[in-house]
Structure formats: structure tokens, C-alpha cells
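If you read the sequence shown in the numbering used here, its first letter stands for residue 46, the second for the next number, and so on. Built from N, CA and C at the ideal position, the CB exists for glycine as well. Let me begin by presenting the structure, written as C-alpha cells, before commenting on it.
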Amino acid sequence: MLRTEVHGTKLWLLWIACAGIGALAAVLVALGNPGNMGICGACFLRDTAGALGLFTGEGPRIFRPELAGLILGAFILRLAQNRIEGRAGAHAAPRFFLGLWMGIGTMVFLGCPFRMLQRMGGGDLNALVGLAGFIIGVGVGRIFEMRNYTSGKTSIVITPAGTPALILAIAALILFLAGGMPFGPGPEDLAGKPPHAPWFWSLGIAIVAGSILSWTGFCAISAVKQIYTRPRRMLWAAIALIGGYFILAICTGKFNLDFTSQPASHSDHIWNILAMALVGLTGVLAGGCPVRQIVLAGEGNGDAMITAIGILAGCSISHSFQIVSLSSGSTPAGRTAILLGLTICFSYAAWVVFSVSRLKTTTANEVSRAR
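Shown next as C-alpha cells:
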């Protein structure tokens with residue numbers, strides 16, 4: 046029998062909530078955010094890295110209040126639920142490593158999986174091409190999971206150990222309000238001067254979105270995993286998110302159905318597919334998409350924070366070394382980075398599976414000898 050709840054949330058509430066997230070993202074675009082970038086974890090990390098001067102070369106250098114808002118929203122919900130706790134302890138270095146390659150993949154595609162869903166809702170057909178690669182990458186990652194791949198067990202730790210993301214978010218907001226980080230017209234990037242919604246709208250809407258994302262547990266990786274298995278609650282939630290964005294995009298005149306004339310998009314299809322395959326693979330191996338990692342960090346998950354820092358590093362490297370794609374397509378450095386990332390991450394996952402299998406065999410032999 047089909048259950049009517051997921052994580053204690055009624056299914057119809059889950060789908061309405063996710064449609065609401067899509068609508069909120071479209072509202073941010075209507076208020077001034079870049080096209081089809083109401084909410085994008087990788088883009089927010091990249092833009093804020095630019096504001097902090099963490100990469101050279103061209104690229105946006107603007108603080109995104111949405112980043113702090115997602116973290117605050119997740120924390121506020123946990124506080125209201127009296128569920129504040131720290132979590133950490135699982136393979137921190139590999140999570141950073143996987144996050145780095147995830148960030149590189151998003152910069153070649155020009156957006157994280159969450160933005161991919163918004164691009165689909167806004168009529169960007171290039172995003173559908175990227176979706177094909179994302180489905181493949183998630184599928185390969187799931188095969189590794191079925192063969193006992195593990196990213197380690199995150200355990201409950203003392204509460205202060207789960208607060209660094211929250212502290213950094215509050216510090217960034219204070220620094221921004223004091224005029225210490227740029228917000229407004231900045232250096233030229235791929236789409237000209239980086240646009241933005243008014244900061245108080247950005248922050249407020251992101252707090253609401255962060256709370257909803259924490260409440261529902263929505264993750265683009267989890268949604269696409271359900272293409273291969275049942276139940277498909279989160280997959281339908283992703284479709285609802287696309288629908289919510291689509292409706293608001295139509296209402297605000299931001300819908301444009303084609304391959305060309307799309308904001309922050311390119312039609313270099315092979316590399317859209319391969320880039321999102323890398324994002325899908327690393328997302329499974331690291332335990333979530335960029336937006337999910339940010340929300341988890343706000344909930345007190347230190348492992349997710351390490352992954353988010355890795356994504357930030359990957360985005361920064363992409364701009365410093367011309368890996369990020371142009372509106373005309375991928376760059377030679379970007380293509381090389383994607384092939385290298387796929388090879389390295391696939392090999393890493395295979396090595397983990399082999400190591401876990403060998404460990405189980407060794408343990409079984411020791412138990413047998415002890416008998």
C-alpha cells in the first residue's frame with residue numbers, strides 16, 4: 046500500500062511545499078536575480094567567494110544574502126522543532142574532494158541541479174540535455190551504493206560542533222550590512238554586471254525556502270535516484286518544483302522556450318551532459334546536491350559544511366583557471382577538467398567499494414577462524 050507520509054510530512058503537503066519553493070525562486074528572478082537563478086547553491090557559493098576575493102579572473106563578485114538565508118532558515122526550523130544538535134565525523138577529506146569536483150561540474154554546466162530544475166521550468170531546453178547526463182551520473186552513483194559504497198557515518202556530536210555554518214552566515218550578514226562585502230553592480234561577468242533582487246527580499250525569501258527545504262528534506266539527487274526505484278515521492282516533488290517555477294515564470298513574463306537566448310546557458314550539448322553526469326555522480330557519493338548540503342550545514346551537519354566548502358573551492362578554481370563555460374560553450378580547460386573529474390571520482394568510488402568488500406571478507410575470515 047502507498048504510504049501517505051514521507052518523514053512525517055503528508056505527500057500533498059510535500060508537493061505543495063516544493064511547488065512553493067519553485068514559485069519563490071521565480072519571484073526572486075522577477076525581483077532582479079539572474080535569469081532562472083532564483084536559488085542556486087553553487088552560484089551563491091561562487092558569487093560570495095568572488096565577493097571575498099577568493100578567485101582571480103572574470104566572474105561575479107557579489108555577496109548573495111540567499112546563501113545566509115538558506116542556512117538561517119534551516120536553523121530556525123530546527124530551533125522551532127527543538128531539534129538543535131551537531132552532527133559530524135564522516136570522511137571529511139573525501140567530502141571536500143567530491144564537493145570540489147561537484148563545483149567544477151556546475152560551473153561547466155552553468156548551474157547546480159537546483160538551478161537545472163529552474164531552467165527547465167523557465168523553458169531552457171539546454172537544461173533538459175543536462176538532465177540526461179544528471180540521470181546517468183546519479184544512476185552510476187547508485188550502482189556504487191548498491192555495491193556498498195559508503196561516505197561514512199555522520200554521528201551526533203556536541204551542539205557547538207554543528208554551529209560553524211550558522212556563525213559564518215551571521216558574520217557574513219553583519220559584514221555585508223557594515224559595507225564590508227560588495228552588493229550591486231560589479232565586475233563584468235558572463236551576463237554583464239551581476240543582477241540581484243533587493244537584499245531584504247533575497248534574505249527573507251531564502252529564510253522561508255531554507256525552512257521548507259529542511260522540513261521536506263528535498264534534494265535533487267534523491268529525486269533523480271527515484272527514477273530507478275520506488276517510491277517516487279521526491280521525484281514528484283521535483284516535478285512540482287518545476288511546475289511552481291513554470292507558473293510564476295509565465296505570470297512574470299520570464300518564460301522562454303528554446304535553446305538559444307537563455308540566461309547563463311550554452312548549447313554545447315556533449316559537455317552539458319558530461320558536466321551534469323559528474324555533478325550527479327559526486328552528488329550521490331557526497332550525499333546530496335549543493336543546495337541540500339547548504340541546508341544540512343544550517344541544520345548543524347558539519348560534514349555537509351565541509352562538502353559545501355569543497356563546492357566553493359571548485360567554483361573558485363573554475364573561474365581562476367578558465368574552466369567555467371562561456372555563453373558560446375565549454376572551454377578547453379573545462380572539457381579537460383570534466384574528463385579528469387569523471388575518471389578520478391569513478392576510480393575513487395570503485396576503490397571504496399573494493400576496500401569495503403575486502404574488509405568484509407577479512408572480517409568474515411577472522412570470525413571463521415575464531416570459531
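Item to check | Sequence-distant residues of its chain with Cβ nearer than 8 Å to cysteine 390 (five each side left out) | outcome: Counting from one through the sequence shown, the residue named residue 390 turns up at place 345. Result list for cysteine 390: Leu143, Trp146, Leu323, Leu326, Thr327 and Leu330, in chain order.
Item to check | Inter-residue Cα distance where the pair is glycine 148 and phenylalanine 154 | outcome: Residue 148 sits at position 103 when you count from the first residue of the sequence shown. Residue 154 sits at position 109 when you count from the first residue of the sequence shown. Rounded to the nearest whole angstrom, the C-alpha separation of glycine 148 and phenylalanine 154 is 10 Å.
Next on the checklist: Let me confirm a value: cysteine 63 is counted as buried when at least 16 other C-beta atoms fall within 10 Å, else exposed. Which label applies?
Outcome noted: By 1-based counting over the sequence shown, the position of residue 63 is 18. Per the 10 Å Cβ criterion, buried.
Checklist entry - Can you list, in chain order, the residues of its chain whose CB lies under 8 Å from that of isoleucine 354, leaving out five sequence neighbours each side? => result Counting from 1 along the sequence shown, the entry for residue 354 is found at position 309. Excluding its 5 nearest sequence neighbours in each direction, isoleucine 354 has C-beta neighbours in its own chain below 8 Å: Phe141 and Gly144, listed in chain order.
Item to check | Same chain only: Cβ atoms within 6 Å of isoleucine 215, ignoring 5 sequence neighbours per side | outcome: As a first step, residue 215 is located in the sequence shown; it is residue number 170 there, counting from the start. So no residue of the chain qualifies.
Item to check | Cβ neighbours of isoleucine 383 in the same chain (closer than 7 Å, five flanking residues each side left out) | outcome: The residue given as residue 383 occupies position 338 in the sequence shown. Counting only Cβ-Cβ distances below 7 Å, and skipping sequence neighbours, we find Gly150, Val153, Trp316, Leu319, Ala320 and Leu323.
Checklist entry - Rounded to a whole number of angstroms, what is the C-alpha to C-alpha distance between glycine 178 and glycine 95? => result Indexing the sequence shown from 1 puts residue 178 at position 133. Indexing the sequence shown from 1 puts residue 95 at position 50. Going from the Cα of glycine 178 to the Cα of glycine 95 covers about 28 Å.
Checklist entry - Roughly how many whole angstroms lie between the Cα atoms of leucine 99 and alanine 309? => result Position 54 of the sequence shown, counted from the first residue, corresponds to residue 99. Position 264 of the sequence shown, counted from the first residue, corresponds to residue 309. Approximately 21 Å, taken between the alpha carbons.
Next on the checklist: On the DSSP letters alone, give me the boundaries of the alpha helix (DSSP H) that alanine 475 sits inside.
Outcome noted: Residue 475 is absent from the model: the chain starts at 46 and stops at 416.
Item to check | Backbone CA spacing between proline 335 and phenylalanine 399 [nearest angstrom] | outcome: Sequence index remark: in the sequence shown, residue 335 carries index 290 (1-based). Sequence index remark: in the sequence shown, residue 399 carries index 354 (1-based). Cα to Cα, proline 335 sits roughly 27 Å from phenylalanine 399.
Item to check | Run of the alpha helix (DSSP H) containing valine 74, from where it starts to where it stops | outcome: Position 29 of the sequence shown holds residue 74. Residues 56 to 76.
Checklist entry - In or out: isoleucine 61 buried (at least 16 other Cβ within 10 Å) or exposed? => result Residue 61 sits at position 16 when you count from the first residue of the sequence shown. Classification for isoleucine 61: exposed.
Checklist entry - Where does the unbroken beta strand (DSSP E) through serine 200 begin, and where does it stop? => result If you number the sequence shown from 1, residue 200 lands on position 155. Note, serine 200: beta strand (DSSP E), 200 to 202.
Next on the checklist: By the three-class DSSP mapping on this structure, what secondary structure does asparagine 346 have?
Outcome noted: Position 301 of the sequence shown, counted from the start, is the residue given in the question as residue 346. Three-state DSSP puts asparagine 346 in a strand.
Checklist entry - If you follow the alpha helix (DSSP H) that arginine 164 is part of, which residue opens it and which one closes it? => result The residue given as residue 164 occupies position 119 in the sequence shown. Boundaries of the alpha helix (DSSP H) harbouring arginine 164: 158 to 166, taken from the DSSP string.
Checklist entry - Which residues in the same chain as alanine 210 place their Cβ atom closer than 7 Å to its Cβ, once the five residues preceding and following it in sequence are excluded? => result For this step, residue 210 is matched to residue 165 along the sequence shown. Shown here for alanine 210: same chain residues with a beta carbon closer than 7 Å to its own, the five before and five after excluded, namely Ile116, Ala342, Gly343 and Met350 in chain order.
Item to check | Which residues DSSP lists as bridging glycine 131, in chain order | outcome: Sequence index remark: in the sequence shown, residue 131 carries index 86 (1-based). Answer by DSSP bridge pairing, in chain order: Val202.
Checklist entry - In its own chain, which residues sit with a C-beta less than 6 Å from the C-beta of alanine 119, not counting the 5 before and 5 after it? => result As a first step, residue 119 is located in the sequence shown; it is residue number 74 there, counting from the start. Closer than 6 Å at the Cβ level, and outside the excluded window around alanine 119, lie Gly255, Ser259, Val340, Gly343 and Glu344.
Next on the checklist: Going by the DSSP bridge assignment, what does aspartate 303 pair with across the sheet?
Outcome noted: The residue given as residue 303 occupies position 258 in the sequence shown. In the DSSP output, where bridge partners are listed per residue, aspartate 303 has Asp169.
Checklist entry - Secondary structure at leucine 99, three-state DSSP: helix, strand or coil? => result Counting from 1 along the sequence shown, the entry for residue 99 is found at position 54. In this structure, leucine 99 counts as coil in the three-state DSSP scheme.
Item to check | Burial state of cysteine 296 (16 or more Cβ within 10 Å) | outcome: By one-based count along the sequence shown, residue 296 stands at place 251. With fewer than 16 other Cβ atoms within 10 Å, it is exposed.
Item to check | Cβ separation of isoleucine 266 and glycine 333, assumed to be a contact under 8 Å, to the nearest whole Å | outcome: Here residue 266 refers to the residue found at position 221 of the sequence shown. Here residue 333 refers to the residue found at position 288 of the sequence shown. A Cβ-Cβ distance of about 6 Å is found for the pair isoleucine 266 and glycine 333, placing them in contact under the 8 Å criterion.
Next on the checklist: Taking only three categories from DSSP, how would you classify leucine 371?
Outcome noted: Mapped onto the sequence shown, residue 371 falls at position 326. The DSSP-derived three-state label of leucine 371 is strand.
Checklist entry - Quick one: Cα of glycine 289 to Cα of glycine 167, how far? => result The residue you call residue 289 lines up with position 244 of the sequence shown. The residue you call residue 167 lines up with position 122 of the sequence shown. The straight-line gap separating the alpha-carbon atoms of glycine 289 and glycine 167 is approximately 10 Å.
Item to check | Close beta carbons around arginine 48, own chain, < 6 Å, minus the five adjacent residues each side | outcome: Taking the first residue of the sequence shown as position 1, residue 48 is located at position 3. With a pLDDT of 41 at arginine 48, under the threshold of 50, the predicted position of this residue should be treated as unreliable, though the coordinate-derived value follows. Residues of the same chain with their beta carbon placed closer than 6 Å to that of arginine 48 are lacking, with the five preceding and five following residues left out of the count.
Checklist entry - Just to confirm, are alanine 251 and asparagine 78 a CB contact at a threshold of 8 Å? => result Counted from its first residue, the sequence shown places residue 251 at position 206. Counted from its first residue, the sequence shown places residue 78 at position 33. One thing to note: alanine 251 has its Cβ no nearer than 8 Å to the Cβ of asparagine 78.
Checklist entry - CB-CB under 6 Å to alanine 434, same chain, minus the five flanking residues each way: which ones, in chain order? => result Absent from the model: residue 434. The displayed extent of the chain is 46 to 416, so no value can be given.
Item to check | Exposure label - serine 375; buried when at least 16 CB within 10 Å | outcome: On the sequence shown, position 330 is the one that residue 375 refers to. With 16 or more Cβ atoms within 10 Å of its Cβ, serine 375 is classed as buried.
Next on the checklist: Nearest by alpha-carbon distance to alanine 223: which of Met82, Phe108, Thr352 and Ile84 is it?
Outcome noted: Along the sequence shown, one-based indexing puts residue 223 at 178. Phe108 is the residue among Met82, Phe108, Thr352 and Ile84 whose C-alpha sits nearest the C-alpha of alanine 223.
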